[in-house]
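So the sequence shown is residues 14 to 269, counted in our numbering. Ideal Cβ positions, reconstructed from N, Cα and C, are used throughout, including at glycine. Input: a single structure, listed below in structure tokens.
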Amino acid sequence: MSLLQVEHLTMQFGGLTAVKDFNLNLEKGEIVALIGPNGAGKTTAFNMITGVYRPTQGRVILMDKDITGLRPDLITGRGIARTFQNIRLFRDLSVLENVLIANHLHLKSNFLTAILKLPAYRGEERLMHQKSLALLERVGLSQFKDEKASSLPYGLQRRLEIARALATGPRILLLDEPAAGMNPKEAADLTVFIKEIRAEYDLTIFMIEHHMDVVMGISERIYVLDYGVTIASGSPHEIQNDPRVIEAYLGVEEDA
Ligand SMILES: Nc1ncnc2c1ncn2[C@@H]1O[C@H](COP(=O)(O)OP(=O)(O)OP(=O)(O)O)[C@@H](O)[C@H]1O
């Protein structure tokens, strides 16, 4: 049984078919990349998997359960977390507060115990605080815990976004262009970091990325979209040598 199975996902916006008949299997522990030229439909595929869009057609099956069209927060609760192409941190909150907010998805206390600050809530809150600090320590951000998120250098803001996603306790992590805007050194560090967190948090990772060094250095399998259609899937070696991919994508100078 695949951890995640995506069957015939299709998304139409009016007359435009942004993604057509997209099929994907993720096995536990894999790192799989989704590549393709700008506008190919990659983010739309993510948005259907994470409940941002309800697909026009098709199904998303997580561990044998159909999660198609569930609300994004419920899908996060089922174990799929994501980051976004454009960093979405609470810019004026501290680094620690950003992780604490994500952690609240896990709090078991209800709203009333929370506003009354009853002991059950306070206990959970203390635990969340400790867990958040441990997570920041793990991702190398603990010395910045009281800084405003917006004051972090770009590469570290991306790392904080990943930490926030990890705080929700995911099985599957979807990363939307995690190396966007990074210099080669930051991108190489990110590659190592992604491999480390996969091992440490027992993750399966599905990522959209334009940096080919990152994609080829990290992915076990790659899917290629072009105009919403999957034109190839396979190992990095197969993809690099696929004439359709070379024509559609790899042959095109990338400006990212
Ligand atoms: N909400 C929407 N309404 C209408 N059209 C949309 C919407 N979202 C995406 N599209 C269109 O769907 C197509 C696929 O867009 P998408 O953002 O998924 O591509 P992408 O592969 O992620 O591109 P990029 O690499 O530039 O991020 C594009 O033509 C885009 O304009």
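Can you tell me whether residue i is helix, strand or coil according to DSSP?
| i | result |
| --- | --- |
| residue 21 | strand |
| residue 103 | coil |
| residue 268 | Confidence at residue 268 is low in this model, with a pLDDT of 49, below 50, so the placement of that residue should be treated as unreliable; the coordinate-derived value is given next. Correct three-state label for residue 268: coil. |
| residue 41 | coil |
| residue 147 | helix |
| residue 258 | helix |
| residue 65 | coil |
| residue 31 | strand |
| residue 36 | strand |
| residue 113 | helix |
| residue 245 | strand |
| residue 46 | strand |
| residue 138 | helix |
| residue 59 | helix |
What distance in whole Å lies between the Cβ atoms of residue j and residue i, which are believed to be in contact at a cut-off of 8 Å?
| i | j | result |
| --- | --- | --- |
| residue 191 | residue 211 | Incorrect: roughly 13 Å between the Cβ atoms, too far for contact. |
| residue 168 | residue 195 | 6 Å |
| residue 214 | residue 37 | Contact flag wrong, Cβ pair sits at about 21 Å. |
| residue 189 | residue 59 | 6 Å |
| residue 95 | residue 63 | 5 Å |
| residue 33 | residue 247 | That pair is no contact at about 19 Å. |
| residue 229 | residue 253 | 7 Å |
| residue 270 | residue 98 | Residue coverage of the chain in this structure runs from 14 to 269, which leaves residue 270 outside it and unanswerable. |
| residue 104 | residue 82 | The Cβ separation is near 31 Å, so there is no contact. |
Run the proximity test for residue i: is its beta-carbon closer than 7 Å to any non-hydrogen atom belonging to ligand 1?
| i | result |
| --- | --- |
| residue 206 | no |
| residue 31 | yes |
| residue 111 | no |
| residue 245 | no |
| residue 53 | yes |
| residue 26 | yes |
| residue 92 | no |
| residue 64 | no |
| residue 49 | yes |
| residue 96 | no |
| residue 23 | no |
| residue 81 | no |
| residue 57 | yes |
Assuming contact is defined by CB atoms lying nearer than 8 Å, are residue i and residue j in contact in what I supplied?
| i | j | result |
| --- | --- | --- |
| residue 173 | residue 102 | yes |
| residue 106 | residue 193 | no |
| residue 40 | residue 74 | no |
| residue 112 | residue 164 | no |
| residue 92 | residue 185 | yes |
| residue 233 | residue 45 | yes |
| residue 17 | residue 71 | no |
| residue 181 | residue 115 | yes |
| residue 238 | residue 47 | yes |
| residue 205 | residue 157 | no |
| residue 175 | residue 208 | no |
| residue 31 | residue 49 | no |
| residue 43 | residue 217 | yes |
| residue 77 | residue 14 | yes |
| residue 224 | residue 200 | yes |
- Which ranges would you report for the alpha helix (DSSP H) in the region 193-243 if only whole runs of at least 4 residues count? Counting whole runs of 4 or more residues, the region 193-243 contains the alpha helix (DSSP H) stretches 197-214 and 225-231.
- Report the residue ranges of all beta strand (DSSP E) runs contained in full by the region 69-98; include only those spanning at least 3 residues, in chain order. Taking 3 residues as the minimum length, the beta strand (DSSP E) runs contained wholly in the region 69-98 are 70-75 and 93-95, in order along the chain.
- What runs of the alpha helix (DSSP H), each 4 residues or longer, lie entirely inside the region 153-187? With a minimum length of 4 residues, the continuous alpha helix (DSSP H) runs that stay inside the region 153-187 are 167-179.
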